[in-house]
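Novice: Below is a structure I'd like to ask you about.
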Amino acid sequence: DVKVTQSSRYLVKRTGEKVFLECVQDMDHENMFWYRQDPGLGLRLIYFSYDVKMKEKGDIPEGYSVSREKKERFSLILESASTNQTSMYLCASSSMDNREKLFFGSGTQLSVL
Amino acid sequence: ILNVEQSPQSLHVQEGDSTNFTCSFPSSNFYALHWYRWETAKSPEALFVMTLNGDEKKKGRISATLNTKEGYSYLYIKGSQPEDSATYLCAFNSGTYKYIFGTGTRLKVLA
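Just so you know, the sequences run in chain order X and U.
Going by the numbering used here, the first residue of the first sequence is number 129, and it counts up by one from there.
Going by the numbering used here, the first residue of the second sequence is number 2, and it counts up by one from there.
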């Protein structure tokens with residue numbers, strides 16, 4: 129069964145902490161994505177990666193960075209967590225063709241206090 | 002600014018009822034339209050990827066149609082069951098890595 133695995137389901141952090149959200153996929157996909165989901169809004173793209181060490185900013189990259197050192201792993205980093213980064217974070221992966229479906233992880237609900 | 006709208010935002014139906022909801026998207030630069038089902042505490046799961054105007058796809062009791070010229074897609078559920086309760090998301094793609102997601106339709110099927 130194909131999988132996208134996110135390291136934590138729930139996470140509570142303090143303002144100013146550095147936060148790492150990890151995502152691993154086992155489908156040898158080139159594309160990996162980080163989205164956030166907030167009430168009343170559609171999924172918003174934070175960052176995208178199409179290959180190892182390659183990344184593109186999404187619609188809301190401010191306050192975030194990413195790392196893709198290996199093809200299967202895509203990490204989202206909150207350099208200094210703030211309360212407005214409290215959200216549900218979803219990782220996804222897909223093959224190169226944008227007509228192929230996205231495979232999602234089950235999400236990390238991050239609370240920044 | 003590209004915008005994808007879904008309606009209704011939420012609905013409750015009785016078990017056995019059929020229902021449908023709408024996804025509206027830009028009618029220019031169309032490449033693909035995705036439908037996902039997102040059950041609580043689970044991963045969003047792809048239902049359909051639609052690419053051709055007039056496309057109709059079916060998976061069990063769920064089907065979808067696509068009109069790229071006027072910029073809409075319908076998702077139909079026939080004979081709704083409690084296990085259909087979920088948020089249904091559509092996502093528009095214009096050929097880049099950016100998928101524009103709607104806010105979803107939250108369906109609750111009452112037994």
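From the three backbone atoms N, C-alpha and C, an ideal C-beta is built for every residue, glycine too.
Since we're looking at a predicted model, the values are computed, not measured.
Does the distance from the C-beta atom of Val147 of chain X to that of Leu206 of chain X stay below 8 Å?
Specialist: Their beta carbons are under 8 Å apart, which means Val147 of chain X touches Leu206 of chain X by this criterion.
Novice: Please classify Asn226 of chain X as buried or exposed, where buried requires at least 16 other C-beta atoms within 10 Å of its C-beta.
Specialist: It counts as buried.
Novice: Okay, do the stretch 227 to 236 of chain X and the stretch 59 to 66 of chain U touch, 3+ Cβ pairs below 8 Å being the bar?
Specialist: With the cut-off at 8 Å, the stretch 227 to 236 of chain X and the stretch 59 to 66 of chain U do not touch.
Novice: Go ahead and pull the three-state DSSP assignment for Val237 of chain X.
Specialist: What sits at residue 237 of chain X in the sequence shown is Gln, not Val. Gln237 of chain X falls in the strand class under three-state DSSP.
Novice: Using a C-beta to C-beta distance shorter than 7 Å, which residues of chain X count as neighbours of Asn54 of chain U?
Specialist: Result: empty, since nearest Cβ-Cβ is about 14 Å, beyond 7 Å.
Novice: Give the residues of chain U in contact with Phe202 of chain X, contact being defined as C-beta atoms less than 8 Å apart.
Specialist: Those within 8 Å of Phe202 of chain X in chain U number zero; the least Cβ separation is about 13 Å.
Novice: In whole angstroms, give me the CA-to-CA distance for Ser239 of chain X and Val140 of chain X.
Specialist: If you take the alpha carbons of Ser239 of chain X and Val140 of chain X, they lie about 5 Å apart.
Novice: Assign Ile188 of chain X to buried or exposed, taking buried as 16 or more other Cβ atoms, counted over all protein chains shown, within 10 Å of its Cβ.
Specialist: So Ile188 of chain X counts as exposed.
Novice: Any C-beta of chain X sitting closer than 8 Å to the C-beta of Phe102 of chain U?
Specialist: So yes, Phe102 of chain U belongs to the interface.
Novice: Which chain U residues sit within Cβ distance under 8 Å of Arg227 of chain X?
Specialist: In chain order: Tyr32, Ala33, Val50, Thr52, Asn94.
Novice: Who are the Cβ neighbours of Leu173 of chain X in its own chain at under 8 Å, not counting the five residues just before and after it?
Specialist: Phe161, Trp162, Tyr163, Gly186, Asp187, Ile188.
Novice: Hey, is Gln173 of chain X's beta-carbon within less than 8 Å of any beta-carbon in chain U?
Specialist: A quick correction: the sequence has Leu, not Gln, at residue 173 of chain X. Answer yes: the Cβ-Cβ gap between Leu173 of chain X and chain U drops below 8 Å somewhere.
Novice: Is Trp39 of chain U closer than 8 Å to Cys91 of chain U when the C-beta atoms are compared?
Specialist: Going by C-beta atoms, Cys91 of chain U is not nearer than 8 Å to Trp39 of chain U.
Novice: Can you pull the chain X residues whose beta carbon is under 7 Å from the beta carbon of Tyr89 of chain U, in chain order?
Specialist: Near Tyr89 of chain U there are no residues of chain X at all, since even the closest Cβ is about 12 Å away, more than 7 Å.
Novice: In whole angstroms, what separates the C-alpha of Asp156 of chain X from that of Lys199 of chain X?
Specialist: Their Cα atoms are separated by approximately 7 Å.
Novice: Measuring straight from C-alpha to C-alpha, what distance separates Val152 of chain X and Val180 of chain X?
Specialist: Going from the Cα of Val152 of chain X to the Cα of Val180 of chain X covers about 13 Å.
Novice: Using a Cβ-Cβ cutoff of 8 Å, what residues of the stretch 60 to 73 of chain U are near chain X? List them in chain order.
Specialist: Cβ contacts with chain X come from no residue of the stretch 60 to 73 of chain U.
Novice: Going along chain U in order, which residues have a C-beta closer than 7 Å to the C-beta of Phe148 of chain X?
Specialist: Here the premise fails: no neighbours, minimum Cβ distance about 20 Å.
Novice: Using C-beta distances below 7 Å, list every residue in its chain close to Val50 of chain U, excluding the 5 sequence neighbours before and after it, in chain order.
Specialist: Correct list, in chain order: Ala33, His35.
Novice: How far does the beta strand (DSSP E) with Gln153 of chain X in it reach, from first residue to last?
Specialist: 147 to 153 is the span of the beta strand (DSSP E), which, as asked, contains Gln153 of chain X.
Novice: To which residues of the same chain is Asp166 of chain X closer than 6 Å at the C-beta, ignoring the five residues directly before and after it?
Specialist: Excluding positions up to five away in sequence, the list reads Ser215.
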